[in-house]
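Asker: Here it is: the structure, laid out below.
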Amino acid sequence: MLVSWWMKCPEKHPVEYGARAIYQMRSVPVQRKNRGNHTDYKTEIGLDFLRDRCSLHVDDGISRFPFIDWLNGKALRQLKKRLLDEGIPPNSDAVIEIHDGKYHLTASPNASYGYLYVNAWQE
Numbered sequence: 003m004l005v006s007w008w009m010k011c012p013e014k015h016p017v018e019y020g021a022r023a024i025y026q027m028r029s030v031p032v033q034r035k036n037r038g039n040h041t042d043y044k045t046e047i048g049l050d051f052l053r054d055r056c057s058l059h060v061d062d063g064i065s066r067f068p069f070i071d072w073l074n075g076k077a078l079r080q081l082k083k084r085l086l087d088e089g090i091p092p093n094s095d096a097v098i099e100i101h102d103g104k105y106h107l108t109a110s111p112n113a114s115y116g117y118l119y120v121n122a123w124q125e
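In the working numbering, each residue's number is its place in the sequence shown (first place is 1) plus 2.
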């Protein structure tokens, strides 16, 4: 069983991923036309995954590529959108869950004030 930075996957799975990412909510200035010198701000989510803070376990005979494609192409985009839409700050202990058929992801800042702990697995 893969041990992530904050929790274990519920049970053994053929593909398991765990990471501790640097998590930031940033206010970015947005210039609007016809607004004079007024500057609006929008919030962006910053997630930086460090190579030495990620782990991937794949059972023999299992291809990791469909899982990696799902994780990078779909799950992380959904995760960033949910963090933004739900307004989850880096000091929160909220848990986000994403389930997509045989693929699953859970993530939480775990009240760390700057990290996001991510677990993902394939059934």
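From the three backbone atoms N, C-alpha and C, an ideal C-beta is built for every residue, glycine too.
How is K82 classed by DSSP in three states: helix, strand or coil?
Answerer: The residue labelled residue 82 in the question sits at position 80 within the sequence shown. In the structure shown, K82 sits in a helix (DSSP, three-state: H, G or I).
Asker: Helix, strand or coil: how does DSSP classify N74 here?
Answerer: Locating residue 74 in the sequence shown gives position 72, counting from the first residue. Note: N74 maps to helix in three-state DSSP.
Asker: What is the DSSP secondary structure of D54, counted as helix, strand or coil?
Answerer: Walking along the sequence shown from the start, residue 54 turns up at place 52. D54 falls in the strand class under three-state DSSP.
Asker: Can you name the start and end residues of the beta strand (DSSP E) that A21 belongs to?
Answerer: The residue you call residue 21 lines up with position 19 of the sequence shown. Where A21 is concerned, the enclosing beta strand (DSSP E) stretches over 17-33.
Asker: Less than 9 Å separating the beta-carbons of A23 and D50?
Answerer: Residue 23 sits at position 21 when you count from the first residue of the sequence shown. Residue 50 sits at position 48 when you count from the first residue of the sequence shown. It is a contact, given that the beta carbons lie within the stated cut-off.
Asker: How many angstroms separate the CA atom of G89 from the CA atom of L58?
Answerer: Taking the first residue of the sequence shown as position 1, residue 89 is located at position 87. Taking the first residue of the sequence shown as position 1, residue 58 is located at position 56. Spanning the two alpha carbons is a distance of roughly 29 Å.
Asker: Would you mind reading off the limits of the beta strand (DSSP E) that contains N97?
Answerer: In the sequence shown, residue 97 corresponds to position 95, counting from 1. Note that residue 97 is Val in the sequence shown, not Asn. That residue, V97, is in no beta strand (DSSP E); it is neither H nor E in DSSP.
Asker: Let me know if T41 comes out buried or exposed under the rule of 16 or more other beta-carbons within 10 Å of its beta-carbon.
Answerer: Along the sequence shown, one-based indexing puts residue 41 at 39. Burial call: exposed.
Asker: To the nearest angstrom, how far is it from the Cα of L86 to the Cα of R79?
Answerer: Taking the sequence shown and counting its residues from 1, the one referred to as residue 86 is at position 84. Taking the sequence shown and counting its residues from 1, the one referred to as residue 79 is at position 77. Rounded to the nearest angstrom, the two C-alpha atoms are 11 Å apart.
Asker: Straight-line CA distance for A77 to Q33?
Answerer: Translated into positions along the sequence shown, residue 77 becomes position 75. Translated into positions along the sequence shown, residue 33 becomes position 31. A77 and Q33 have their C-alpha atoms roughly 30 Å apart.
Asker: Report, in whole angstroms, the separation of the C-beta atoms of S110 and A96, which I expect to be a contact under 8 Å.
Answerer: Position 108 of the sequence shown, counted from the start, is the residue given in the question as residue 110. Position 94 of the sequence shown, counted from the start, is the residue given in the question as residue 96. Right, the Cβ-Cβ distance comes to about 6 Å (below 8 Å), so this counts as a contact.
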